[in-house]
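Down below is the structure, laid out as structure tokens.
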Amino acid sequence: MSTTDAPPIDEAMIAILRGVMDPELGDNIVDLGMVRNAYREGTTGHVTVALTTAGCPLRATIKRDCESRVGGLPGIERVRLHWDELNAAEKARVMERARQSARDRATPTQVPANARVLAVASGKGGVGKSSVTVNLAAALATRGFVVGVMDADIWGFSIPRMLGMEGRLEARPPAEGEERGKIVPDSQPVGNGLLKVVSTGLLVETEETALMWRGLMLAKAVEQFLHDVDWGELDYLLIDMPPGTGDVQMALARLLPQAEMLVVTTPALSAQKVAVRVADMARRSHMPIVGVVENMGAFVSPDGQRWAFFGEGGGERLAGDLGVPLLDSIPLEPAVSAGGDSGEPVTGKAGGGAAAEVFERITERLVTEICPPVDMGTCTARMDGPIPITLSPRR
Ligand SMILES: Nc1ncnc2c1ncn2[C@@H]1O[C@H](COP(=O)(O)OP(=O)(O)OP(=O)(O)O)[C@@H](O)[C@H]1O
Ligand SMILES: [Mg+2]
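To convert, note that position 143 of the sequence shown is 149 in this note's numbering; the numbers rise steadily by one, no gaps.
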């Protein structure tokens, strides 16, 4: 195409593509200079990405991220990815840029760039965000993943109780070049994997003293969780979001541009306002929504009767309104709340019941389809020289 008839670069697309990380280079593909073009043709968004090498194993991940982000923009129905390869001079520039941004990042987050970050959010409180977070985390860990759980509900934390963790977070001695030691998450082996948990509930003495944190700015606390915690290796980071919208979402989006949102809702149909709120939250934070999970679905009593206490169809309606898949519907089940109270998620063990089965199905969809773990592959090996990626401290 000659330059005269080239459609204009779409700034909204560029803005949202800043959330697509090249996990290996530790920066987003726009700032790395890998996005050659981004424009609209009717309702189709076209994106041209130049890779370091055509056979880059991260290609599938980058494709999926570009599609889900651009596809969520208003007015875009389809996304076409076009591939290109960086030439030698461009490759050198990308490498320099990656090195530069690694150096510039004065306060890098400690979350490795390859970690899949899922913020579990909802349009209103009490729908089961925390329950979904801990059960999915346990199910992921059981499959052998290293799963971080960040309790972003700074005042109303419930993660430690729900996971039966009572440990106190402590700082390790500062490593070379660090002013002070990073906080070590409370970890707990689950199945073949590991849970690494950070919550203000592990910083303060009792659940009651949570009030002491009232003066703390929410966004600041979230920032600390990302900067001052030595997360180490992570396959997934699940973030239990506080009810409501605002500061925390914005802080997260700024600090972890790769974060995606999983929305939890009840089956109540009267949720139009909720849909608007969630869509607004996602739009303002540039966080793509990967799917809806319906919780507190119909309870089936031992004699086989269905009791739809909270109505039916809300998950499907919200997913339809948001244009994302409904991942599944978790039934209302006493075992889920009992497990929350006793600190034992229903997932990750035999005989967990109907809700546990649904959590397992959702986990399966997450790891195979919705947000599969990032296989780091070996693009950089073919490039000239290693890059000091301070983003991914490996232990
Ligand atoms: N599927 C379920 N079956 C039975 N009880 C459930 C289910 N899901 C959640 N609960 C219970 O409902 C209550 C609210 O759940 P939870 O704390 O997970 O919601 P939340 O969205 O995190 O709330 P908040 O907005 O206050 O953070 C808890 O007591 C929990 O045990
Ligand atoms: Mg909660």
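Quick reminder that beta carbons are idealized off the backbone N, C-alpha and C, glycines included.
- Shown here, S335 sits in a strand according to DSSP, grouped into three states.
- For R122, DSSP records a beta bridge to Y242.
- Contact annotation, L175 with D192: C-beta distance approximately 6 angstroms; criterion of less than 8 angstroms satisfied.
- A distance criterion of 7 angstroms places the beta-carbon of K130 beyond contact range of ligand 2, judged by its closest non-hydrogen atom.
- Secondary structure within the stretch 261 to 336: the beta strand (DSSP E) runs of 3 or more consecutive residues, fully enclosed, are 266 to 271, 295 to 303 (chain order).
- Sixteen is the threshold: when 16 or more other Cβ atoms of the shown chains lie within 10 Å of the Cβ of E366, as they do, the residue is buried.
- Counting along the chain, the unbroken alpha helix (DSSP H) around Q230 starts and ends at 224 to 233.
- If you keep only unbroken alpha helix (DSSP H) runs of at least 4 residues inside the stretch 158 to 197, you get 165 to 168.
- By the Cβ-count criterion, E185 is exposed, with fewer than 16 other Cβ atoms from all chains shown falling within 10 Å of its own Cβ.
- Taken from the Cβ of S343, every heavy atom of ligand 2 lies 7 angstroms or farther away.
- With contacts defined as CB atoms closer than 8 angstroms, D334 and V280 fail to qualify as a contacting pair.
- Only residues of its own chain outside the window of five on either side were considered, and among them L175, A177, D234, V235 have a CB closer than 6 angstroms to the CB of I189, listed in chain order.
- Apart from sequence neighbours up to five positions away, the residues of its chain that approach S348 with a beta-carbon distance below 8 angstroms are G170, ordered along the chain.
- One Cα belongs to K226, the other to A257, and the distance between them is close to 8 angstroms.
- CA-to-CA, the gap between G173 and A104 works out to about 38 angstroms.
- Contact check for D241 and V153: beta-carbon distance about 7 angstroms, within the 8 angstroms limit, so the pair qualifies.
- The nearest non-hydrogen atom of ligand 2 is 7 angstroms or more from the C-beta of D11.
- Shown here, E102 sits in a helix according to DSSP, grouped into three states.
- At a cut-off of 7 angstroms, the beta-carbon of D192 does not count as near ligand 2: no heavy atom of the ligand is closer than that.
- Contact between the stretch 133 to 148 and the stretch 359 to 377 is present, with at least three C-beta pairs closer than 8 angstroms.
- Residues of the same chain with a CB within less than 8 angstroms of the CB of W89, apart from the 5 flanking positions on each side, are T54, V55, A56, L57, A60, R65 in chain order.
- Nearest Cα to M302 within the set E318, D309, T206: E318.
- The DSSP-derived three-state label of R84 is strand.
- Counting only residues whose CB is nearer than 6 angstroms to a non-hydrogen atom of ligand 2, the list in chain order is K135, S136, D159, S164, D246.
- Shown here for V380: same chain residues with a beta carbon closer than 6 angstroms to its own, the five before and five after excluded, namely P29, T67, N120 in chain order.
- Setting aside the 5 residues that flank it on each side, K130 is surrounded in the same chain by P249, V280, each with a C-beta closer than 7 angstroms to its C-beta; the list follows chain order.
- The beta-bridge partner set that DSSP reports for K202 consists of G154, S193.
- Closer than 7 angstroms to some heavy atom of ligand 1: that does not describe the Cβ of V269.
- Not one heavy atom of ligand 1 is found less than 7 angstroms from the C-beta of A144.
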